[in-house]
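Protein sequences appear in the order of chains A and B.
Going by the working numbering, the first sequence opens with residue 9, and the numbers climb by one from there.
Going by the working numbering, the second sequence opens with residue 9, and the numbers climb by one from there.
Just so you know, even glycine gets a beta-carbon here, dropped at the ideal spot from N, CA and C.
There are 2 protein chains.
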Amino acid sequence: MATNKAWTLASRPAGWVTEDNFKLVESEAPRPQEGEVLVKGEWLSLDPYMRGRMNDVKSYVPAVQIGQVMVGEVAGEVLESKHPGFRPGDKVCAPLGWQLYGCAKGAELTKVDASRAPLSYYLGVLGMPGKTAYFGLNEIGRPKAGETVVVSAASGAVGSVVGQLAKIAGCRAVGIAGGKAKCDYVVKELGFDACVDYKAGNLHRDLKEACAKGVDVYFENVGGEMLDTLLRLMNPFSRIVVCGMIAEYNLTEPYAHKNLRAVLVNRIKMQGMIVFDWRERYPEAVQALAGYLAAGRLKYRESVLQGIERAPQGLIALLKGRNFGKQLVKLG
Amino acid sequence: MATNKAWTLASRPAGWVTEDNFKLVESEAPRPQEGEVLVKGEWLSLDPYMRGRMNDVKSYVPAVQIGQVMVGEVAGEVLESKHPGFRPGDKVCAPLGWQLYGCAKGAELTKVDASRAPLSYYLGVLGMPGKTAYFGLNEIGRPKAGETVVVSAASGAVGSVVGQLAKIAGCRAVGIAGGKAKCDYVVKELGFDACVDYKAGNLHRDLKEACAKGVDVYFENVGGEMLDTLLRLMNPFSRIVVCGMIAEYNLTEPYAHKNLRAVLVNRIKMQGMIVFDWRERYPEAVQALAGYLAAGRLKYRESVLQGIERAPQGLIALLKGRNFGKQLVKLG
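Right, dumping it as structure tokens:
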């Protein structure tokens, strides 16, 4: 019998997450019940939304309870199946959480084609982040050729795809990222037209310069002061896709937005999104994104931590903007 | 030759508007140029947007300059026409500003049918406020039968129509107004299901009670703290129509909104609107609203000040929420 290792929530963070908020627990690997499948995780995805689940507040999904395994998406291999749709050896993605082994019902699993792209890609560019970029940009942002699309956290798993899809749509793509290395990557590797370094301290001025014709679509991953700054640059009839507010997740007092009047004056549409809302259209997104990948039109970068032991430090680095590219933990 | 009286902008307000910000100027009534029409005003409409035009800031239309006649819509009669589309005696609406006589180009005038409804109605329920309610609610709010629609400034020219259209659409209509008299009017005369008195000091609690199933559409005329409070009550996939932010127009520092995270969590669509954007569909709105009026399904109330001399005090009362119903000035 294999030994499972799982990170549980030990305490709720007050402000920034610390390693003390987690506890590593060992147990025997579980056995699947009728209709379930046992999966051995190979990759764990770390994502900003996890911060929100650590708070005991009403959100679009329930909070993680103290003592429960931290939530998260895993890509791995089926070891044992009591569901007719899956066989040992199948590669799958499943919301197993921060652990090495887990059981899930058939309906919770997604079989993936690991011959088309590396398995880990199904947690990133072909997974939740890629689909988030695809539906958020196309369905809410609705970019038209010639328009200017700005995306924050531009070197991240979602932002990097947003900007590249904007280029494919014939738009000017402008990123916002922290530090010269990330900005260089966004422009030189990903092909954005420009990238503004928010750490340089002149966000409004630098963005204004990078967006000479104003901003038509803003894809928001950060929130807080960044959103407030962008509100001043949005064009009439522009769209703001509110996908994430990572800058606000660790605040003990909510950020106070001062430029909401722009929504009225410029008839801005600001809309929140969660990728689940397009669940039934996932195959369309994976098909499109895999096509762009195969054609070399979509570049993708991963940041890998070895071993489940390092998951907490990986999430903390992600929340502080210290990682570079899609953050993964290699489980085995 | 008739004597014209016109209110010009004497100084820009710092915070609240005062009568000192205006100056009454007398002159000879103008004569129409080729292609123009001379109109004798009968009614002047006072509207919250006028406050914004008194500031020297970029907005969707230019600011009024010092010494210029205050902007505003007038309903009146054609005295002299040098445009083939108009004849003396025609009843029209035109953006002539705060004055007794004015000339306008043919394209700026709208001929109205004063036999279908009183002339003044074309500045209110059949004018800009009514059309604002019609397009904002239907095109952005998109209410579905059974949903809960909340509107602020519910006894006002726009809000009163929004709630009644919501009822016609089969929704629960909940108003917000200031004071018992206005709330009683909104429920007993206009037929809303409930109306919350924000002056009672328990806005969040009272609204929560009035909206047991949460809020699906919020039609915002007020902004500031009211918008922040509503953000806490909005349902998943709800819509906020940002039509006005009267509470913010007089602030010297912008209001700081603290609950924007709700936009993400509940996938709220928040969208600004200006009625001009539906210009080409105005006849559709007038047709529909006149039909509801004729059928007794739309009630409407006016608040009339006698004489152009009282226009400044009328605007001030409007901005402070002291008027009751559509605010008009009877010019002659």
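request  = Starting from A264 (chain A), find everything on chain B with Cβ-Cβ shorter than 7 Å and list it in chain order.
outcome  = Indexing the first sequence from 1 puts residue 264 (chain A) at position 256. Within chain B, the residues near A264 (chain A) are A264, H265, K266.
ask   = Can you tell which of A:C111, A:P56, A:A270 has its C-alpha closest to the C-alpha of A37 (chain A)?
value = Indexing the first sequence from 1 puts residue 37 (chain A) at position 29. Residue A:C111 is the option with its Cα nearest to A37 (chain A).
task = Give the DSSP-derived three-state secondary structure of D55 (chain B) in the structure shown.
result = Numbered from its first residue, the second sequence carries residue 55 (chain B) at position 47. D55 (chain B) falls in the coil class under three-state DSSP.
Residues of the stretch 268-295 of chain A whose Cβ lies closer than 9 Å to any Cβ of chain B, in chain order = Of all residues in the stretch 268-295 of chain A, L268, R269, A270, V271, L272, V273, N274, R275, I276, K277, M278, Q279, G280, M281, I282, D285 have a Cβ within less than 9 Å of some Cβ in chain B.
inquiry  = How far does the beta strand (DSSP E) with F284 (chain A) in it extend, from its first residue to its last?
reply    = Taking the first residue of the first sequence as 1, we reach residue 284 (chain A) at position 276. First-last for F284 (chain A): undefined, no H or E at that position.
message = Using the Cβ count rule (16 or more neighbours within 10 Å means buried), how would you classify N8 (chain B)?
response = Residue 8 (chain B) lies beyond the range of chain B shown here (9 to 340); nothing can be said about it.
ask   = What residue from A:P126, A:E27, A:A153, A:E88 has the CA that sits closest to P40 (chain A)'s CA?
value = Here the question's residue 40 (chain A) lines up with position 32 in the first sequence. Of the listed residues, the one whose Cα sits closest to P40 (chain A) is A:E88.
query = Grouping DSSP H, G and I as helix and E and B as strand, with all else coil, what is R330 (chain B)?
reply = Numbered from 1 along the second sequence, position 322 holds the residue referred to as residue 330 (chain B). In the structure shown, R330 (chain B) falls within a coil segment according to DSSP collapsed to helix, strand and coil.
query = If we count the other Cβ atoms within 10 Å of its Cβ and call it buried at 16 or more, is R287 (chain A) buried or exposed?
reply = For the purposes of this step, residue 287 (chain A) is taken as the residue at position 279 of the first sequence. With fewer than 16 Cβ atoms within 10 Å of its Cβ, R287 (chain A) is classed as exposed.
query = Can you find a CB in chain B that lies within less than 8 Å of the CB of M58 (chain A)?
reply = Here residue 58 (chain A) refers to the residue found at position 50 when the first sequence is read from its first residue. So no, M58 (chain A) is outside the interface.
query = How many whole angstroms separate the CB atoms of C191 (chain B) and V157 (chain B), which I take to be in contact at a CB cut-off of 8 Å?
reply = Here residue 191 (chain B) refers to the residue found at position 183 of the second sequence. Here residue 157 (chain B) refers to the residue found at position 149 of the second sequence. Wrong, their Cβ atoms sit about 16 Å apart, outside the cutoff.
query = Whose C-alpha, out of B:M136, B:C219, B:N258, B:P126, is nearest the C-alpha of I282 (chain B)?
reply = Counted from its first residue, the second sequence places residue 282 (chain B) at position 274. Of B:M136, B:C219, B:N258, B:P126, the residue nearest in Cα terms is B:M136.
request  = Report the rounded CA-to-CA distance for Y341 (chain A) versus T16 (chain A), giving the unit in angstroms.
outcome  = Only positions 9 to 340 of chain A appear in the structure, and residue 341 (chain A) is not among them; the question remains open.
ask   = So, are the CB atoms of A141 (chain A) and V100 (chain A) less than 8 Å apart?
value = Within the first sequence, numbered from 1, the residue matching residue 141 (chain A) stands at position 133. Within the first sequence, numbered from 1, the residue matching residue 100 (chain A) stands at position 92. No.
task = Name, in chain order, the residues that DSSP records as bridge partners for C179 (chain B).
result = Taking the second sequence and counting its residues from 1, one reaches residue 179 (chain B) at position 171. In DSSP, C179 (chain B) forms no bridge with anything.
query = Which residues in chain B sit within 8 Å of K136 (chain A), going by Cβ to Cβ distance?
reply = The residue labelled residue 136 (chain A) in the question sits at position 128 within the first sequence. Correcting the residue identity first, residue 136 (chain A) is Met in this sequence and not Lys. Within chain B, no residue comes near M136 (chain A); the closest Cβ sits about 15 Å away, beyond 8 Å.
ask   = Beta carbon of L326 (chain A), beta carbon of S128 (chain A): below 8 Å?
value = The residue given as residue 326 (chain A) occupies position 318 in the first sequence. The residue given as residue 128 (chain A) occupies position 120 in the first sequence. Result no, Cβ atoms of L326 (chain A) and S128 (chain A) do not sit closer than 8 Å.
key: is_contact[M234 (chain B), chain A] using C-beta, thresh 8 Å   = As a working mapping, residue 234 (chain B) is identified with position 226 in the second sequence. With 8 Å as the cut-off, M234 (chain B) does not count as an interface residue toward chain A.
ask   = Taking the alpha-carbon positions, what's the A174 (chain A) to G154 (chain A) distance?
value = One-based indexing of the first sequence puts residue 174 (chain A) at position 166. One-based indexing of the first sequence puts residue 154 (chain A) at position 146. Each residue's Cα considered, the two are about 10 Å apart.
message = Which residue marks the beginning of the beta strand (DSSP E) containing T11 (chain B), and which one marks its end?
response = Working through the second sequence from its first residue, we reach residue 11 (chain B) at position 3. For T11 (chain B), the enclosing beta strand (DSSP E) begins and ends at 11-17.
query = So who's on the other strand from A102 (chain A), going by DSSP bridges?
reply = Locating residue 102 (chain A) in the first sequence gives position 94, counting from the first residue. A:V82, per the DSSP bridge assignment.
ask   = Below 8 Å between beta carbons: does that hold for M78 (chain B) and F143 (chain B)?
value = Position 70 of the second sequence holds residue 78 (chain B). Position 135 of the second sequence holds residue 143 (chain B). No, the pair does not count as a contact, with Cβ atoms beyond the cut-off.
ask   = Is DSSP giving D205 (chain B) helix, strand or coil here?
value = What you label residue 205 (chain B) is simply residue 197 of the second sequence in a count that begins at 1. Strand.
query = Among B:G333, B:I324, B:R318, B:A298, which one has its Cα closest to the Cα of S123 (chain B)?
reply = Stepping through the second sequence from its first residue, residue 123 (chain B) is reached at position 115. Checking every option, the nearest Cα to that of S123 (chain B) belongs to B:A298.
task = Compare the C-beta of V250 (chain A) against all C-beta atoms of chain B and say whether one is closer than 8 Å.
result = Within the first sequence, residue 250 (chain A) is the residue found at index 242, counting from 1. Chain B, which has a Cβ nearer than 8 Å to the Cβ of V250 (chain A), makes this yes.
task = Compute the distance between the beta-carbons of K33 (chain A) and A14 (chain A), then report whether it is under 8 Å.
result = Along the first sequence, one-based indexing puts residue 33 (chain A) at 25. Along the first sequence, one-based indexing puts residue 14 (chain A) at 6. The question names Lys, but residue 33 (chain A) is Val in the sequence shown. In this structure, A14 (chain A) lies closer than 8 Å to V33 (chain A) by Cβ.
message = Please tell me whether M253 (chain B) has its Cβ less than 8 Å away from any Cβ of chain A.
response = Translated into the one-based positions of the second sequence, residue 253 (chain B) becomes position 245. Cβ-Cβ to chain A under 8 Å: yes for M253 (chain B).
ask   = If we cut at 8 Å on Cβ distances, does Q256 (chain B) have a partner in chain A?
value = Here residue 256 (chain B) refers to the residue found at position 248 when the second sequence is read from its first residue. It should be pointed out that residue 256 (chain B) corresponds to Glu in this sequence rather than to Gln. With 8 Å as the cut-off, E256 (chain B) counts as an interface residue toward chain A.
query = Does DSSP put M136 (chain A) in a helix, a strand or coil?
reply = Along the first sequence, one-based indexing puts residue 136 (chain A) at 128. In this structure, M136 (chain A) counts as helix in the three-state DSSP scheme.
query = In its own chain, which residues sit with a C-beta less than 6 Å from the C-beta of W24 (chain B), not counting the 5 before and 5 after it?
reply = Start at 1 with the first residue of the second sequence, and residue 24 (chain B) comes out as number 16. Only N258 meet the Cβ criterion.
task = Taking only the alpha-carbon atoms, compute the straight-line gap between I276 (chain A) and S163 (chain A) and give it to the nearest angstrom.
result = To locate residue 276 (chain A), count along the first sequence from 1; it is residue 268. To locate residue 163 (chain A), count along the first sequence from 1; it is residue 155. About 26 Å.
key: Backbone CA spacing between E50 (chain B) and T118 (chain B) [nearest angstrom]   = Looking up residue 50 (chain B) in the second sequence gives position 42. Looking up residue 118 (chain B) in the second sequence gives position 110. Going by the C-alpha atoms only, they are around 15 Å apart.
ask   = From G252 (chain A) to I148 (chain A), what does the alpha carbon distance come to, in whole angstroms?
value = If you number the first sequence from 1, residue 252 (chain A) lands on position 244. If you number the first sequence from 1, residue 148 (chain A) lands on position 140. So the alpha carbons of these two residues sit roughly 14 Å apart.
task = Sort A:G60, A:A22, A:K48 by Cα distance to R269 (chain B) and report the nearest one.
result = Locating residue 269 (chain B) in the second sequence gives position 261, where the first residue counts as 1. Looking at the Cα atoms, A:G60 is the closest of the given residues.
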